[in-house]
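Asker: Please read through the structure below; I'll follow up with questions.
In UniProt numbering, the protein residues as written are 1 to 172.
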């Protein structure tokens with residue numbers, strides 16, 4: 001399976017949002033933002049934010065948002081369509097983030113995730129460590145009394161050591 005990864009254009013923004021919405025629908029029973037700002041945290045980020053789309057055999061199957069915050073490249077809105085999970089797509093998107101981070105001079109990748117989704121384990125496998133965990137007061141759950149927001153970080157590797165194959169043509 002060939003996974004290609006590319007930065008979005010202005011015309012792709014709706015597509016990136018559609019991928020996120022469809023992928024996040026599978027975890028909305030675990031957590032749901034309680035206000036408009038929390039529903040679209042990606043839309044509130046300006047500046048140098050970019051989106052990157054993963055494609056498999058012509059089908060758009062994943063997306064990741066990236067923005068700089070001092071010496072950290074933040075990951076936001078990483079999403080892979082349910083039927084394409086566990087196939088290395090998130091790994092390729094994170095490897096692309098590594099290349100963007102190196103180009104921008106960032107020394108680490110950082111992100112926030114909800115513990116109850118199981119994503120902490122995914123990010124551990126990609127080399128991230130937990131910095132801290134707190135109650136996610138910005139969301140609610142139908143399954144849990146409270147859910148927990150976990151901040152994670154990892155050092156940007158000097159090369160694509162976490163990649164099994166190249167993440168597509170070119171770099172960011």
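Where is the CB? At the ideal position from N, CA and C, for every residue including glycine. Note that this is a predicted model, so its numbers are computed, not measured.
Would the beta-carbon of residue 67 fall within 9 Å of that of residue 98?
Answerer: To locate residue 67, count along the chain shown from 1; it is residue 67. To locate residue 98, count along the chain shown from 1; it is residue 98. Not closer than 9 Å, so no.
Asker: Let me know if residue 78 comes out buried or exposed under the rule of 16 or more other beta-carbons within 10 Å of its beta-carbon.
Answerer: Counting from 1 along the chain shown, the entry for residue 78 is found at position 78. Buried, since its Cβ has 16 or more Cβ neighbours within 10 Å.
Asker: Between residue 3 and residue 89, is the Cβ-Cβ spacing less than 9 Å?
Answerer: Walking along the chain shown from the start, residue 3 turns up at place 3. Walking along the chain shown from the start, residue 89 turns up at place 89. Yes, the Cβ-Cβ distance between residue 3 and residue 89 is below 9 Å.
Asker: Which two residues bound the contiguous alpha helix (DSSP H) that contains residue 14?
Answerer: The residue you call residue 14 lines up with position 14 of the chain shown. Segment 13 to 24, the alpha helix (DSSP H) holding residue 14.
Asker: Just to confirm, is the Cβ distance from residue 117 to residue 30 under 9 Å?
Answerer: Indexing the chain shown from 1 puts residue 117 at position 117. Indexing the chain shown from 1 puts residue 30 at position 30. Yes, they are a contact pair.
Asker: Can you tell me which of the three DSSP states residue 35 falls into?
Answerer: Taking the chain shown and counting its residues from 1, the one referred to as residue 35 is at position 35. Coil.
Asker: By Cβ distance below 7 Å, which residues in the same chain neighbour residue 131 in space, the five residues on each side in sequence not counted?
Answerer: Taking the first residue of the chain shown as 1, we reach residue 131 at position 131. Counting only Cβ-Cβ distances below 7 Å, and skipping sequence neighbours, we find 151, 152, 153.
Asker: When you compare only the Cα positions, how much space is there between residue 144 and residue 32?
Answerer: Counting from one through the chain shown, the residue named residue 144 turns up at place 144. Counting from one through the chain shown, the residue named residue 32 turns up at place 32. Rounded to whole angstroms, residue 144 to residue 32 spans 11 Å at the Cα level.
Asker: Looking at the secondary structure, which residues open and close the beta strand (DSSP E) in which residue 54 lies?
Answerer: Residue mapping note: residue 54 aligns to position 54 of the chain shown, counting from 1. Here the beta strand (DSSP E) through residue 54 covers 50 to 56.
Asker: Could you spell out where the beta strand (DSSP E) holding residue 111 opens and where it closes?
Answerer: Within the chain shown, the letter at position 111 stands for residue 111. Segment 108 to 114, the beta strand (DSSP E) holding residue 111.
Asker: The alpha helix (DSSP H) spanning residue 2 covers which residue range?
Answerer: As a first step, residue 2 must be located in the chain shown, where it is residue number 2. Residue 2 -> no alpha helix (DSSP H), and no H or E assigned at all.
Asker: What is the residue span of the alpha helix (DSSP H) that residue 75 lies within?
Answerer: For the purposes of this step, residue 75 is identified with residue 75 of the chain shown, where counting begins at 1. No alpha helix (DSSP H) contains residue 75, which is instead part of the beta strand (DSSP E) from 72 to 80.
Asker: Please state the DSSP three-state secondary structure of residue 60.
Answerer: Locating residue 60 in the chain shown gives position 60, where the first residue counts as 1. Reduced to three states, the DSSP call for residue 60 is strand.
Asker: Hey, how far is the Cα of residue 13 from the Cα of residue 94?
Answerer: One-based indexing of the chain shown puts residue 13 at position 13. One-based indexing of the chain shown puts residue 94 at position 94. Going by the C-alpha atoms only, they are around 19 Å apart.
Asker: Where does residue 92 land, buried or exposed, given buried means 16+ other C-beta within 10 angstroms?
Answerer: Locating residue 92 in the chain shown gives position 92, where the first residue counts as 1. Under this definition residue 92 is a buried residue.
Asker: Do residue 53 and residue 6 come within 9 Å of each other at the CB atom, strictly closer than that value?
Answerer: Translated into positions along the chain shown, residue 6 becomes position 6. Translated into positions along the chain shown, residue 53 becomes position 53. Taking 9 Å as the Cβ cut-off, residue 6 and residue 53 qualify as a contacting pair.
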